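Working notes for the structure below.
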Amino acid sequence: MADERSGVHSDISSPRENRVQLRPIERRVRHMLDDGLSHEEIAWRFRRSPGFVRRVTVLSGLQRKPRTGAAPHPLRPVERVVHKGLAQGLPTSEVASRLRRTPEWVERVDAFASHKLNQA
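Per our numbering, residue 279 is the first one in the sequence shown, and the count goes up by one each step.
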């Protein structure tokens, strides 16, 4: 059975409580459709075409495979670079120069990275 507002089959659309896994634009589009806005109105608000809104609606209703990548690292990339450089014995001034930062900044980032690693 097709939903008149979205032009999408009702078995594809996801209930509001299952929208946690959707991207922000997918959540907003689905929320606006639930509120009764047309594809044209939503497209105008996002400065996109009505076709884009229809595609977002259809694709956001499809099942996605769960992420199978590596577990997220506790450190941000810049923290990993700083921590690794200092662990290899580079002076803070060298790491700072490579990252175009001050040595004090490198020390702060390394201290925070060490704290995060001890907490993990």
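In this text, a Cβ means the ideal position worked out from N, Cα and C, and glycines have one as well. The structure displayed is predicted, hence computed values, not measured ones.
Rounded to a whole number of angstroms, what is the C-alpha to C-alpha distance between A349 and R376? 28 Å
What did DSSP end up calling G339 once you bin it into helix, strand or coil? coil
G347 to V359, Cα distance in whole Å? 21 Å
Could you pull out every residue in the same chain whose Cβ sits closer than 6 Å to the Cβ of S291, ignoring the five residues on either side in sequence? Here the model assigns S291 a pLDDT of 46, short of 50, so the residue's position is not dependable, and the following value carries that caveat. Within the same chain, S291 has close Cβ partners G339.
Could you pull the start and end residues of the alpha helix (DSSP H) that T370 belongs to? 370–377
Simplified DSSP state of P352, which is helix, strand or coil: coil
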